[in-house]
Amino acid sequence: MRHFWLELRKNKVLFLMILPTLLFFAVFAYFPMVGVYYAFTSYSFEGGLFGSEFIGLKNFEFLFESGVLWNLTKNTILYNLAFIFIGNILQLICAIFLSELPGKWFKKTTQSVMFLPFFVSFVLVGAFVFNLFSVNNGVVNTMLEQLGLPPYDFYLHTAPWKYIIVFFQVWKGLGYGTVIYLAAIMSISDEYHEAAKIDGANIFQRVRYIVLPMLVPTFILLILLALGGILKGQFDLFYQIIGNNGMLFESTDIIDTYVYRSLAVNFDIGMGTAAGLYQSVFGFILVVTVNAIIRKTREDYALF
19 MRHFWLELRK
29 NKVLFLMILP
39 TLLFFAVFAY
49 FPMVGVYYAF
59 TSYSFEGGLF
69 GSEFIGLKNF
79 EFLFESGVLW
89 NLTKNTILYN
99 LAFIFIGNIL
109 QLICAIFLSE
119 LPGKWFKKTT
129 QSVMFLPFFV
139 SFVLVGAFVF
149 NLFSVNNGVV
159 NTMLEQLGLP
169 PYDFYLHTAP
179 WKYIIVFFQV
189 WKGLGYGTVI
199 YLAAIMSISD
209 EYHEAAKIDG
219 ANIFQRVRYI
229 VLPMLVPTFI
239 LLILLALGGI
249 LKGQFDLFYQ
259 IIGNNGMLFE
269 STDIIDTYVY
279 RSLAVNFDIG
289 MGTAAGLYQS
299 VFGFILVVTV
309 NAIIRKTRED
319 YALF
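Numbering (my numbering), first residue to last: 19 to 322.
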């Protein structure tokens, strides 16, 4: 403790600089954790936080026994794994293609066009999806009608939505991730490429033996950071595309949308908090486990 006060007196300016960040996390991250107590109560507005009936683990028991939590966890993890791996692989490929394009003007234009979807609101994405797949006036069903085929009601069938959701999430984040990988590629010294050219390596060999190995640290870091939120689904994406269509919940409902409905629609604050607490604890355990595995295999790439 004495050492801390000496350090504080010695670097008081640095501590003052970090104070706003500490206050931010204290107010918006740590103080709200008191609300975790909701998960163990049958919340009533009359009793409030500490006046509601304490029911222990009953909210968690209902989630596990009803099978709801298993389906939510499965959907959330599988969707996020698809987002992470498909997205990162496509971003990596696009970054390599862009880095090898000869025309500087064309390269910058292509990069800007690819980056535009990142700024598109999920509300607009939801409207775009509806206009594509609506059974009445949707583009897809209009084309089916022109071909003499019967219409297909996408909003009554769960099968196509897993592909639709993954496609639009990957499409929206493609440009942003490409820029990150492109920056990593630009940091690779030209000496490696020049030496490889002297040795007779073609473009594919240079990509395989120089670019890809150099991008491994960036790829692993982005995967680890993404795995930290693997149980935190893209609420905006799912809610704007699916909404409250109960016909599609079996294959599209994730923990975030379930928590939202519990709090905003069903007013079951205890159940929603229980699901959110499960999400946080499970995600924390997953990050620590994956980081431990990375640290044992490639220590330099671990987060901590």
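Where a beta carbon is used, it is the ideal one built from N, C-alpha and C, also for glycine.
Have a look at the DSSP bridge pairing and note the partners of residue i.
i   : result
E71 : S60
Out of the options, point me to the one whose CA is closest to residue i's CA.
i    : options                : result
S62  : A293, V308, F285, A202 : F285
F140 : A177, I114, G191, P178 : G191
G193 : P178, D208, M132       : M132
D171 : I36, L266, R279        : L266
V153 : V143, L142, P168       : P168
If I measure Cβ to Cβ from residue i and keep anything under 7 Å in the same chain, skipping five residues before and after, which residues do I get?
i    : result
I221 : E118
K125 : L116, L119
I287 : Y56, Y61, L281
N263 : Y173
Y199 : Q109, L110, A113, L233, T236
Y210 : I228
T59  : S70, E71, F72, I73, G288
Enumerate in chain order the residues of its own chain whose CB-to-CB distance from residue i is below 8 Å, with the five nearest sequence positions on each side excluded.
i    : result
L81  : L87, M289, A292, A293, Y296
I206 : I228, V229, M232
L245 : I102, L304, V305, V308
V143 : F186, K190, L255, Q258, I259
Looking only at its own chain, which residues have a Cβ that is under 6 Å from the Cβ of residue i, when we skip the five neighbours before and after it?
i    : result
H175 : none
E268 : T176
N98  : I248
Output yes if chain C places a C-beta closer than 9 Å to the C-beta of residue i; else output no.
i    : result
D274 : Among the chains of the structure shown, chain C does not appear; only one protein chain is present.
Do three or more CB pairs link the stretch 227-241 to the stretch 197-214 at distances below 8 Å? The stretch 227-241 vs the stretch 197-214: in contact.
Taking three-plus beta-carbon pairs below 8 Å as touching, is the stretch 157-173 in contact with the stretch 62-81? For the pair of segments examined, the stretch 157-173 was found not to touch the stretch 62-81: the number of CB pairs separated by less than 8 Å stays below three.
Count the CB pairs spanning the stretch 233-241 and the stretch 262-276 that are closer than 8 Å, and state whether there are at least three. Verdict: no, contact absent.
Residue ranges of each beta strand (DSSP E) run of no fewer than 3 residues wholly in the stretch 155-213, ordered along the chain? DSSP runs (the beta strand (DSSP E)) wholly in the stretch 155-213: none.
Under 8 Å, with one C-beta from each stretch per pair, do the stretch 93-107 and the stretch 179-190 reach the 3-pair mark? The stretch 93-107 vs the stretch 179-190: in contact.
For a minimum of 4 consecutive residues, which ranges assigned as the alpha helix (DSSP H) are wholly contained in the stretch 132-156? Counting whole runs of 4 or more residues, the stretch 132-156 contains the alpha helix (DSSP H) stretches 140-151.
Three or more C-beta pairs closer than 8 Å, one from the stretch 142-158 and one from the stretch 245-260: is that the case here? The stretch 142-158, when compared against the stretch 245-260, does touch it at the 8 Å Cβ threshold.
Quick check on the DSSP output: what are the complete alpha helix (DSSP H) runs of length 4 or more inside the stretch 231-284, in order along the chain? Restricted to the stretch 231-284, the alpha helix (DSSP H) segments that are unbroken, complete and at least 4 residues in length are 253-260, 267-270, 273-278, listed in chain order.
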